[in-house]
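J.:
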DNA sequence: AAGCTATCCAACCGCCTGGCT
DNA sequence: GAGCCAGGCGGTTGGATAGCT
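In the working numbering, the protein residues as written are 895 to 1155.
(1) Closer than 8 Å is the cut-off here; do at least three beta carbon pairs connect the region 948-958 with the region 906-925?
(2) Could you spell out the range, first to last residue, of the alpha helix (DSSP H) harbouring residue 986?
(3) Quick one: grab the DSSP three-state call for residue 1092.
(4) Would residue 942 and residue 907 be called neighbours here (beta carbons separated by less than 8 Å)?
(5) Between residue 934 and residue 987, what straight-line distance do the alpha-carbon atoms span, to the nearest angstrom?
(6) What is the C-beta distance between residue 1006 and residue 1017, in whole angstroms, given that I count them as a contact (C-beta under 8 Å)?
(7) Can you give me the C-alpha to C-alpha distance between residue 983 and residue 977, rounded to a whole angstrom?
(8) So if DSSP puts residue 935 in a beta bridge, which residue, or which two residues, is it bridged to?
(9) List the residues that DSSP assigns as beta-bridge partners of residue 1161.
(10) Run the CB neighbour count on residue 1011, radius 10 Å, all protein chains shown included, and call it buried at 16 or more, exposed below.
(11) Thinking just about the alpha-carbon of each residue, which of 985, 930, 993 is nearest to the one in residue 957?
(12) Closer than 8 Å by C-beta to residue 998: which residues in its own chain qualify, once you throw out the five before and the five after it? Chain order, please.
(13) Alpha carbon to alpha carbon, what distance is there between residue 928 and residue 975?
(14) Rounded to whole angstroms, what's the CA-CA distance from residue 1003 to residue 981? Just pull it up for me.
(15) Can you tell me the Cα-Cα spacing of residue 1023 and residue 1000, whole angstroms?
(16) Report yes if the CB atom of residue 915 is closer than 8 Å to the CB atom of residue 937, and no otherwise.
Next comes the structure, spelled out in structure tokens:
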């Protein structure tokens, strides 16, 4: 039995979202919370499929998103996490507050991959390209992880980056996972992955503090918000909990200048 | 200025997983 | 246990834009 498509493609709009559609989706979600995505387009008056709405929200409209290029520290963290987790972008994104899996994936494919290749590092294995064959035939994980840390150092040297900011240095928990990562073999690797999968890092961890307060230092350039500043108030709802509903009523869905948004 | 190429990133697609009946 | 459904994930595509000749 074939799987049903996520939505009836007839009468469903595709392609780039308009400001009007964004507005409807934001209004709906802020009013009702995230409920059943399949029902969202109907209830919000959108000619989109639920999947498209979910993607638009998670990748672009969420008020807690941080826009702009990844900082060097974030980039470094992505590299480290990728070395441990592989292409599990959602897991990687979970460790970078305000970043989406799509964003990280794109950044990896367009920037980091090239950078690593340029440096002679295989982005897939995080091993030196010249030795990649030999390296893959080696099953000694310690050797691999040693090279991996060399890779990190090399990168940070060349980048002049804040590598130490990307990695935990003073938290015992963080250092323990790093250690297990350096031993990266079988069980340890598994434990690490489990830890990464299960642990929600506290947002106030200093080493994860990429938020605006540190942006100057880290060189993060905040890009324009999708709504071009017309709804800066949205930022006030960064902690509205995504799932919580009815926190705001419809009357709040107007920007301060009185225009509907 | 025009044409071509490279790059970026939002959006789509298909598959997988987990929850429910 | 089987089937269905919704949500989530990772890979890929395609339009827009920048850069180059």
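Quick reminder that beta carbons are idealized off the backbone N, C-alpha and C, glycines included.
Here the structure is a predicted model, which is why all the values come from computation and not from measurement.
T.: Based on what the coordinates show:
(1) yes
(2) In the first chain, counting from the first residue as 1, residue 986 sits at position 92. Counting along the chain, the alpha helix (DSSP H) containing residue 986 begins and ends at 983-988.
(3) Locating residue 1092 in the first chain gives position 198, counting from the first residue. Low local confidence applies: a pLDDT of 48 at residue 1092 is under 50, so the model's placement there is unreliable, with the coordinate-based value given in what follows. Of the three classes helix, strand and coil, the one that applies to residue 1092 here is helix, per DSSP.
(4) Position 48 of the first chain holds residue 942. Position 13 of the first chain holds residue 907. Yes, Cβ-Cβ distance for residue 942 and residue 907 is below 8 Å.
(5) As a first step, residue 934 must be located in the first chain, where it is residue number 40. As a first step, residue 987 must be located in the first chain, where it is residue number 93. Spanning the two alpha carbons is a distance of roughly 25 Å.
(6) The residue labelled residue 1006 in the question sits at position 112 within the first chain. The residue labelled residue 1017 in the question sits at position 123 within the first chain. Rounded, the Cβ-Cβ distance is 7 Å, consistent with contact.
(7) Taking the first residue of the first chain as position 1, residue 983 is located at position 89. Taking the first residue of the first chain as position 1, residue 977 is located at position 83. When rounded, the distance between both Cα atoms is 12 Å.
(8) As a working mapping, residue 935 is identified with position 41 in the first chain. None, per the DSSP bridge assignment.
(9) The shown model of the chain, from 895 to 1155, leaves out residue 1161, and the question about it has no answer.
(10) Counting from 1 along the first chain, the entry for residue 1011 is found at position 117. Exposed.
(11) Here residue 957 refers to the residue found at position 63 of the first chain. Considering only alpha carbons, the answer is 993.
(12) Within the first chain, residue 998 is the residue found at index 104, counting from 1. The residues are 964, 972, 983, 986, 987, 990.
(13) Mapped onto the first chain, residue 975 falls at position 81. Mapped onto the first chain, residue 928 falls at position 34. One C-alpha to the other measures close to 29 Å.
(14) What you label residue 1003 is simply residue 109 of the first chain in a count that begins at 1. What you label residue 981 is simply residue 87 of the first chain in a count that begins at 1. If you take the alpha carbons of residue 1003 and residue 981, they lie about 11 Å apart.
(15) One-based indexing of the first chain puts residue 1023 at position 129. One-based indexing of the first chain puts residue 1000 at position 106. So the alpha carbons of these two residues sit roughly 22 Å apart.
(16) Numbered from 1 along the first chain, position 21 holds the residue referred to as residue 915. Numbered from 1 along the first chain, position 43 holds the residue referred to as residue 937. No, Cβ-Cβ distance for residue 915 and residue 937 is not below 8 Å.
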